[in-house]
Amino acid sequence: MSRLRRAAWPHPEWWALALSAVAWIDLVAWSAGSPGGGHAAHANVLTVANRWMIMVIAMMFPLVVGSIRTTAERSLWSRRHRAIGLFLAGYLATWLAAGVSLQLAITTVDMTRWVPPSLLGAVAFTLAAAWQFGVPKWRAVRACHRAARLAPHGWRADCDCGRYGWTVGRQCVMSCGPLMLALQLTSHSVPLILSISALTLFERYAGKPMPGTFVVPAGLAVFYALGAAA
Amino acid sequence: MANGVRTRKDVWKLATWDPILKWYAAAIAEMQRRPISDPRSWRYQAAIHDYVMGRDPNEQQGEALPGAAERRRFWAQCQHFSWFFLPWHRMYLLHFERIVADAVVSVGGPAGWALPYWNYSDTTNANARRIPPAFREERTPTGEPNPLLIDLRNPGCNIGDIIADPDEVDLEPALTERNFSGPGGGGGTGFGGPRTGFNHGQGQGGVLEGTPHGSMHVAVGGWMGRFNTAGLDPLFWLHHANIDRLWSVWRARDAVNVNPTDARWLTGVRFEFHDAAGNIVVHTSKQVVETTAVALGYQYEDITDPIGVPEAIGVGTRRPGMERQPEMVGATEESIVLAGGQTSARIAVSPPTGPALEGPERAAAPPRVYLNVENVTGAGDPTSYAVYLNLPPDADPAQYPDRFAGIVPMFGVAEATRADDVHAGEGLHYTLEISKVVRALQARNEWDPNDLRVTFVLRRRSVTAEGPESARPAAIDVGRISLYFG
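Those sequence lines, one after another, are chains A and B.
The opening position of the first sequence corresponds to residue 42 in my numbering, with each subsequent residue numbered one higher.
The opening position of the second sequence corresponds to residue 852 in my numbering, with each subsequent residue numbered one higher.
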């Protein structure tokens, strides 16, 4: 038995994090290759959906490590990675549905009619920062940590894993969706994406989650947004 | 008080109205006169543990609560189902004790008051499992209404009945656990609880947190049965002083019983309280590991080991530091409902295929076996269930003590069921080590991995303030029962 395999036992989420790392590389490379070219309002749906999902994999997978691990721990050993795959499929399905819905809304309602394009990012980030202080946001953060019952065998186990991913995904959309949307509406600058990722990681893993803790990071996000929009 | 170190005494070794209890009652009366917005008031202190708007039994119309930001920062902070369970409650008691001591002086009492503890597990005291007399008297020695008496407790509590069975206060499972924390995830949770971040009320608790901590909360019942009202019963503080004492007992009984050295536990989370002057103080676990340190300055009258010589470490016994990767080997397909009486469920156990099968440590000791009771949700009266393995149908559980797996006390189930900005709503999660029971069944050829029967027997039901008692206890939903090797 290899030492490496034993080291991976308590970290069944390793391959989800590896996928996240690959997505980050793609995200950085794409951002570097298309400065200022990521405005969702003017891109085609498939391109935007593709960028959206890569951004979700890069930024959101590290936030659901606990739920991925729970899925593995609550599954028979032989099913652990299958269970994780189904969980992630359900999780991504929620984000895809949210992304497609938002893109349709954006293309249907041309927001630049009301908000000057140069201020679109700042407005979106200000609204996202305001969302940080609302009770629904914090209910969603708490619910992101919820562990679900999973059947042990067969199609019931498969369905439960997929449903668990969908449920956690729904809470994550509630919690982080406004920030992700703000990112989607602005150019995908690497410093901006990194700062938002740092904010969400801090929010998930540092200390006690509660409204009011994030004045500085939210302000930072607005600062970056203004910088990006300038 | 010697060398500035206060001694917390055994309440059952004090006279009914020993000065310690007389001044405790007087100080509570003084704290109850303070408005809830005062951090040194009785109700504010209870709210630090938990507070639910609209469910405060002492709520007064038009009273001013602290602002929302202050409530979020200081109220509903209790750490449960976490390795912070013990250090957080130690900090909580420390400042409560100082606030009471200050109130004692303010009403004319002596300085240096120390919180007594209630050792309900004392097998040398026939009264240990009764509520101490001062907490049942209608009046204080001066003829005042007794603030130590709370009407809303379980039947029998306030008339001096024995309120708990020996297995509800049994210290053997907790004190023989040699790891402070465990990996969780279905495996061992350790003496003090699994590794978590700030965790107010969800997940799986350590062994001590289940029994006797949770079981005694439900045994007293009433306000003690709920997170949000527990601190309103003066007994709560003596109960937690005993839990805090047991942490000292655990550490003193065996040199291998050590606190975590992980920085995430020592300094990773900061907790805020108010001191006796009403000033904000911040603590980390690292600051409260030694009770006799200058900053804490207390000790317990008795921390001798109630169990005896620690068992030798060898094949089949608990070994410190051995954190094995838990492996799930079976679970129920459906959730089950506990509605009183007896309820059974079956688990088909699959042969292990992962860590439980391989690894060099397997040669040193057989795997430990854990029964997990997951996603326990419900509202209404908190209850306790005793759990048995392979109990024959319609059998009297009392005749099968060797099949007893443990107590599942539902302290906090209502809070853990609620989904809000401080609770996830996933319910409670219990992990019972059943290695001994399984080996006993195996020795008698009564262990069939394809047919493990788990039976829940209603042991106790707590009264609550929410309406008259119904004929049957509120239904509890158990999401899943699972078996792990670890």
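Glycine included, every Cβ here is placed at the ideal spot set by N, Cα and C.
What's the C-alpha gap between residue i and residue j?
i, j, result
"I1285(B)", "S72(A)", "55 Å"
"A59(A)", "Q1176(B)", "22 Å"
"S119(A)", "G1205(B)", "8 Å"
"A1207(B)", "A130(A)", "29 Å"
"R822(B)", "P1034(B)", "With chain B covering only 852 through 1337, there is no way to say anything about residue 822(B)."
"R949(B)", "L133(A)", "52 Å"
"G994(B)", "G1057(B)", "43 Å"
"R92(A)", "A189(A)", "30 Å"
"D1095(B)", "F936(B)", "10 Å"
"F1122(B)", "Q1055(B)", "21 Å"
"D869(B)", "P1085(B)", "16 Å"
"P1300(B)", "F986(B)", "49 Å"
"T1168(B)", "Y1251(B)", "The pLDDT assigned to T1168(B) is 46, lower than 50, so where the model puts this residue is not dependable, and the model offers no usable value."
"P983(B)", "A198(A)", "51 Å"
"A1270(B)", "T1080(B)", "19 Å"
"A223(A)", "L127(A)", "28 Å"
"E1277(B)", "Y1236(B)", "19 Å"
How far does the beta strand (DSSP E) with residue i in it reach, from first residue to last?
i, result
"G1330(B)", "I1327 to F1336"
"G1048(B)", "First-last for G1048(B): undefined, no H or E at that position."
"G1181(B)", "E1178 to A1182"
"V1305(B)", "L1303 to R1312"
"R1197(B)", "Q1193 to I1198"
"H1134(B)", "I1131 to H1134"
Can you name, in chain order, every residue of its own chain whose Cβ lies under 6 Å from the Cβ of residue i, other than the five neighbours on each side?
i, result
"N1110(B)", "F1031 and V1140"
"A880(B)", "P998"
"Q144(A)", "V86 and V89"
"H194(A)", "none"
"A184(A)", "Q212"
"H1134(B)", "M942 and F1122"
"G49(A)", "The displayed chain sequence assigns Ala, not Gly, to residue 49(A). Around A49(A): W55."
In chain B, which residues lie less than 7 Å from residue i when you measure between Cβ atoms?
i, result
"Y132(A)", "Within chain B, no residue comes near Y132(A); the closest Cβ sits about 17 Å away, beyond 7 Å."
"S116(A)", "M1179"
"R190(A)", "S1186, E1225, N1226, G1330 and R1331"
If the cut is a Cβ gap below 9 Å, which residues of chain A does residue i touch?
i, result
"D1271(B)", "V176, W179, R180 and R183"
"G1340(B)", "Outside the displayed span of chain B (852 to 1337) sits residue 1340(B), for which this structure offers no information."
Should residue i be flagged as near chain B, meaning a C-beta pair shorter than 9 Å?
i, result
"P338(A)", "An answer regarding residue 338(A) cannot be provided, because it is not within the stretch 42 to 271 covered by chain A."
"P51(A)", "yes"
"Y246(A)", "yes"
"S108(A)", "no"
"H122(A)", "no"
"R197(A)", "yes"
"Y241(A)", "According to the sequence as given, residue 241(A) is Thr; it is not Tyr. By this cut-off, T241(A) is not an interface position."
Does the beta carbon of residue i come closer than 9 Å to any beta carbon on chain A?
i, result
"V1180(B)", "yes"
"N1226(B)", "yes"
"T1135(B)", "no"
"P1063(B)", "no"
"E1284(B)", "no"
"R1331(B)", "yes"
"P1206(B)", "yes"
"P1034(B)", "yes"
"G1054(B)", "yes"
"G1229(B)", "no"
"H1280(B)", "yes"
"F1124(B)", "no"
Starting from residue i, trace the alpha helix (DSSP H) both ways and give me its first and last residue.
i, result
"A49(A)", "R44 to A49"
"Q928(B)", "Element bounds for Q928(B): n/a, residue is neither H nor E."
"Y875(B)", "P870 to R884"
"A977(B)", "Segment: none, A977(B) is in no alpha helix (DSSP H) and carries neither H nor E."
"R1219(B)", "It is not in any alpha helix (DSSP H) - R1219(B) carries neither H nor E in the DSSP assignment."
"V940(B)", "Per the sequence shown, the amino acid found at residue 940(B) is His instead of Val. Looking at the DSSP string, the run of the alpha helix (DSSP H) that includes H940(B) is F936 to S957."
CB-CB under 8 Å to residue i, same chain, minus the five flanking residues each way: which ones, in chain order?
i, result
"W207(A)", "G131, Y132, A134 and T135"
"K1137(B)", "L1117 and T1118"
"N1050(B)", "Q930, H931, F932, S933 and F935"
"I1010(B)", "R987"
Spatial neighbours of residue i within its chain, please: CB distance less than 7 Å, with the 5 preceding and 5 following residues excluded, ordered by chain position.
i, result
"G1036(B)", "P1177"
"G1148(B)", "G855, V856 and R857"
"L865(B)", "I871, L872 and P967"
"W1298(B)", "V1289 and L1292"
Note down, in chain order, every chain A residue with its Cβ under 7 Å from the Cβ of residue i.
i, result
"A1275(B)", "R183, A184, H186 and R187"
"Q1176(B)", "W50 and P51"
List, in chain order, every chain B residue whose beta-carbon is nearer than 9 Å to that of residue i.
i, result
"S119(A)", "S1201, T1204 and G1205"
Compute the minimum distance between the beta carbon of residue i and the heavy atoms of the ligand COA, and state whether it is under 8 Å.
i, result
"I1198(B)", "Absent from the structure shown: the ligand COA. Ligands present: none."
Applying a beta-carbon distance threshold of less than 8 Å, which residues of chain A neighbour residue i?
i, result
"G1337(B)", "By Cβ distance, chain A contributes nothing, its closest Cβ being about 11 Å from G1337(B), past 8 Å."
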